[in-house]
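**Q** Can you read through this structure? Questions will come right after.
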Amino acid sequence: MFDPEQVDRLKDIPWWRGASGGIRVTATTSKAEDSEHARLLKLAAKMKMNTDLRKSIFIALMGAEDYKHAVFRLGQVIGSRPKLVPQVAVVLLHCAIHENSFNRYYCRVGKALTELPGTWGSRYSHALRNALTKLLQQCHTYPVKRVGILAKIAAFMIVEGVVDLTILRFLDFASAETGDGRVKLDVLIRELIIELIDRKGDETAKLFECVGKYSDLHDGLEMMVESLVLPKLPTEEQSRGKAIIAVLKECKVDEEDGDEFGF
Numbered sequence: 000m001f002d003p004e005q006v007d008r009l010k011d012i013p014w015w016r017g018a019s020g021g022i023r024v025t026a027t028t029s030k031a032e033d034s035e036h037a038r039l040l041k042l043a044a045k046m047k048m049n050t051d052l053r054k055s056i057f058i059a060l061m062g063a064e065d066y067k068h069a070v071f072r073l074g075q076v077i078g079s080r081p082k083l084v085p086q087v088a089v090v091l092l093h094c095a096i097h098e099n100s101f102n103r104y105y106c107r108v109g110k111a112l113t114e115l116p117g118t119w120g121s122r123y124s125h126a127l128r129n130a131l132t133k134l135l136q137q138c139h140t141y142p143v144k145r146v147g148i149l150a151k152i153a154a155f156m157i158v159e160g161v162v163d164l165t166i167l168r169f170l171d172f173a174s175a176e177t178g179d180g181r182v183k184l185d186v187l188i189r190e191l192i193i194e195l196i197d198r199k200g201d202e203t204a205k206l207f208e209c210v211g212k213y214s215d216l217h218d219g220l221e222m223m224v225e226s227l228v229l230p231k232l233p234t235e236e237q238s239r240g241k242a243i244i245a246v247l248k249e250c251k252v253d254e255e256d257g258d259e260f261g262f
């Protein structure tokens, strides 16, 4: 498939950058590969990938064998153009929330992208935070099933350190007061926290320490854990829910102590 000269030229290219960067690899494309590409192209259009770049990102994601292969393929699409990174995050999360159920594949791709060397990892971290924030802001407009998937995606990203719980301060509670919007926000918070408990167990409460400087957020979360999460937890996990409440109450105490000194 490759001639010796091509192999020589490719050996020093970082695997995650693919074969881009001015080097073209000539391969024999079978009819089966052509057919698969055409199928993915149609699916991309169905998923409202409305630019050539988004279609290429979609095909790189959906045609990969696993998450490592996906990162490699995305490197081929992006090449040395960091300005395209936000589009990868948008397409990745768009695909993730439109699955029939939570698919960890997309989250593993996202996490792997944030671990790329140099500035690439931080660029992807920033892009994923922004893309996830926008989805959270719009979640009250989604079907309930999609809200549940989004909750699991957010929980994964929180556990893996891509984002933290302060991202919830961007939820649009004002817009959600109409219709069933508030119900969907309740579903999001409940499923997110239950997923965190499932994944982190006794360490879950520590994840809530970061919300201390946002009084509205820790007050709201405390109320929601008490009213939405505790009733859903089995007896053996009640202590974990109560530990979260204790941390949130401690945030409130620390805030009041700080105000006492006027600085």
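Residue numbering for the sequence shown follows numbering that gives the first Met the number 0, beginning at 0 and increasing consecutively.
Don't be surprised by glycine CBs; every beta carbon is placed ideally from N, CA and C.
(1) Measure from the alpha carbon of asparagine 102 to the alpha carbon of each residue in Asp201, Lys151 and Lys54, then state which is nearest.
(2) Counting only runs of 4+ residues fully inside the segment 83-144, write out the alpha helix (DSSP H) ranges in chain order.
(3) How should glycine 219 be labelled, buried or exposed, when 16 other C-beta atoms within 10 angstroms of its C-beta is the threshold for buried?
(4) Cα-Cα, which of Asp65, Ser79 and Val87 is closest to arginine 53?
(5) Give me, in chain order, the residues of the same chain whose beta-carbon lies closer than 6 Å to that of phenylalanine 155; leave out the 5 immediate sequence neighbours on both sides.
(6) How would you write the range of the alpha helix (DSSP H) that alanine 63 sits in, first residue to last?
(7) Helix, strand or coil for lysine 251? Go by DSSP, reduced to three states.
(8) Compute the beta-carbon to beta-carbon distance between alanine 153 and leucine 184, rounded to the nearest angstrom, for a pair I have assumed lies under 8 Å.
(9) Quick one: what does DSSP say threonine 234 is sitting in, helix, strand or coil?
(10) Just curious, the alpha helix (DSSP H) that glutamate 221 is in, first and last residue?
(11) Would you mind giving the Cβ-Cβ distance between leucine 127 and leucine 149, rounded to the nearest angstrom? I have them listed as a contact below 8 Å.
(12) Let me know if valine 246 comes out buried or exposed under the rule of 16 or more other beta-carbons within 10 Å of its beta-carbon.
(13) Run through DSSP, which three-state label would leucine 170 get?
(14) To which residues of the same chain is leucine 195 closer than 8 Å at the C-beta, ignoring the five residues directly before and after it?
(15) Using the three-state DSSP reduction, which class does tryptophan 14 fall into: helix, strand or coil?
(16) By a C-beta neighbour count over all protein chains shown, 10 Å radius and 16 as the cutoff for buried, is methionine 222 buried or exposed?
(17) Look at asparagine 49 and proline 85 and say whether their C-beta atoms are less than 8 Å apart.
(18) Quick check on DSSP: helix, strand or coil for glutamate 159?
(19) Should valine 35 and glycine 62 be called a contact, given that it needs their Cβ atoms to be closer than 8 Å?
(20) Report, in whole angstroms, the separation of the C-beta atoms of cysteine 209 and aspartate 163, which I expect to be a contact under 8 Å.
(21) Keeping to the same chain, check which residues put their C-beta closer than 8 Å to that of leucine 39; ignore five residues upstream and five downstream.
(22) Would you decide whether glycine 160 is buried or exposed? Buried here means 16 or more other CB atoms lie within 10 Å of its CB.
(23) Hey, is the segment 77-84 in contact with the segment 118-125, meaning 3+ C-beta pairs nearer than 8 Å?
(24) Using the Cβ count rule (16 or more neighbours within 10 Å means buried), how would you classify histidine 68?
(25) For alanine 43, collect the residues of the same chain with a Cβ closer than 6 Å to its Cβ; drop the 5 residues on either side in sequence, then sort them by chain order.
(26) Lysine 241: which of Asp215, Lys212 and Asp201 sits nearest, CA to CA?
**A** According to the structure data:
(1) Lys151
(2) 84-96, 103-113 and 119-137
(3) buried
(4) Val87
(5) Cys106
(6) Per DSSP, alanine 63 belongs to no alpha helix (DSSP H) and is neither H nor E.
(7) helix
(8) No, alanine 153 and leucine 184 are not in contact; Cβ-Cβ is about 13 Å, not under 8 Å.
(9) helix
(10) 214-223
(11) That belief does not hold up - the Cβ atoms of leucine 127 and leucine 149 are roughly 13 Å apart, past 8 Å.
(12) buried
(13) coil
(14) Ala154, Ile157, Val158, Thr203 and Leu206
(15) Per-residue confidence for tryptophan 14 stands at a pLDDT of 40, beneath the threshold of 50, marking its modelled position as unreliable; the derived number appears in the next sentence. Here tryptophan 14 sits in helix by DSSP.
(16) exposed
(17) no
(18) coil
(19) Rather than valine, the amino acid found at residue 35 in this sequence is glutamate. Yes, they are a contact pair.
(20) 5 Å
(21) Phe57, Ile58, Met61 and Gly62
(22) exposed
(23) yes
(24) exposed
(25) Lys54 and Phe57
(26) Asp201
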